[in-house]
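Since the structure comes first, as C-alpha cells, the remarks are kept for the end.
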Amino acid sequence: KAGVTQTPRYLIKTRGQQVTLSCSPISGHRSVSWYQQTPGQGLQFLFEYFSETQRNKGNFPGRFSGRQFSNSRSEMNVSTLELGDSALYLCASSPPLQWAGEETEAFFGQGTRLTVV
Amino acid sequence: DQQVKQNSPSLSVQEGRISILNCDYTNSMFDYFLWYKKYPAEGPTFLISISSIKDKNEDGRFTVFLNKSAKHLSLHIVPSQPGDSAVYFCAAAETSGSRLTFGEGTQLTVNP
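Residue numbers (the numbering used here), protein chains in the order written: chain G, 1 to 117; chain D, 118 to 229.
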C-alpha cells in the first residue's frame, strides 16, 4: 500500500509569489490534514479536509488555503509569500473510523520543504 | 497559547539506558494522545498512542504513561538504542481521528 505522497519535495519561491503544494493520501483515507513545521514551533495545524469539505482550520492568515478533490487528493495554496512562510509543510491522512472511539493515527508524508527568498 | 508543551528541547542518554520524554497539556478536552518520531528530511512516523481511559500502554521497548489529573504524559524507551536518535513529538486530540495538536518536539540523542 503506497504511503502519503507529497509533491514537490523541495521548492524555492520569491517573496510575493504564490505556491501550490500537493498531497495524495493513502488509498481509502478520506481525511487529509496539513501542518507547518518551523524550528522551535513544532507542527502547527493548518487545516483538515474530509470528503472535499474543510472540517477544521488552524490559526493561519487567509493567505493559506486548501482544497480536496473527489479522489481525496488535496492541495494547499499560499499566496503573497512572505519570508516567514519558509517551512516544512506536512500532509497527513487518516483512515475512516470503523466505530466511535476506535484508536487510529495520522500517517504523514515526507513533506515539502518551502524556501522563500 | 501552547496547549501541548514539551519542555525539554533535547535529551541525551547512553545506549542501553532508559530514555524518558515528557509532555504536558492544558486542554482538558484532550482525550487521545500519540507520540511520533521524526528523522531529518522525513515525515513523522507514529510510535504509540494512549486513550484517556488507560494510564499505560506498552509496545515493545516503548511505554507511554498518562496522568490525567496532572495533565502529563511520558514516553519511556527501554533499552535505548542509537537508532532511536530522532526528534520525538507528543500530540493530543479531542477524539481519535480528529485534528492533532503537537508539542514543540524533543531531540533525543542516544550515544553508543
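Note that CB positions come from ideal geometry on N, CA and C, so glycine has one too.
- Query: In this structure, does DSSP put residue 62 of chain G in helix, strand or coil?
  - Reply: coil
- Task: Could you please tell me which residues of the segment 151-170 of chain D, in chain order, have their CB closer than 8 angstroms to any CB of chain G?
- Result: 151, 153, 158, 159, 160, 161, 162, 163, 166, 168
- Distance, residue 108 of chain G Cα to residue 123 of chain D Cα: 21 angstroms
- Query: What number of angstroms, rounded off, separates the C-alpha of residue 140 of chain D from the C-alpha of residue 62 of chain G?
  - Reply: 31 angstroms
- Query: Between residue 137 of chain D and residue 16 of chain G, what straight-line distance do the alpha-carbon atoms span, to the nearest angstrom?
  - Reply: 44 angstroms
- Step through the CB atoms of chain G and report whether any lies within less than 8 angstroms of the CB of residue 217 of chain D. yes
- Message: For residue 211 of chain D, tell me which candidate among D/196, D/181, D/200, D/148 has the shortest Cα-Cα distance.
- Response: D/148
- Message: Applying the 10 Å Cβ sphere with the 16-neighbour rule, what's the burial state of residue 9 of chain G?
- Response: With fewer than 16 Cβ atoms within 10 Å of its Cβ, residue 9 of chain G is classed as exposed.
- Are residue 18 of chain G and residue 90 of chain G closer than 8 angstroms when you measure CB to CB? no
- So is residue 75 of chain G in contact with chain D if we call contact Cβ pairs under 8 angstroms? no
- Query: Is there contact between the segment 187-194 of chain D and the segment 214-221 of chain D, where contact requires at least three CB pairs shorter than 8 angstroms?
  - Reply: no
- Would you identify the three-state DSSP class for residue 81 of chain G, choosing helix, strand or coil? Of the three classes helix, strand and coil, the one that applies to residue 81 of chain G here is coil, per DSSP.
- Residue nearest to residue 28 of chain G in terms of C-alpha spacing, selected from G/51, G/6, G/114: G/51
- Between residue 206 of chain D and chain G, is there a C-beta pair that is closer than 8 angstroms? Yes, residue 206 of chain D lies at the interface with chain G (some Cβ there is under 8 angstroms from its Cβ).
- Message: Taking 8 angstroms as the threshold (C-beta atoms), are residue 155 of chain D and residue 204 of chain D in contact?
- Response: yes
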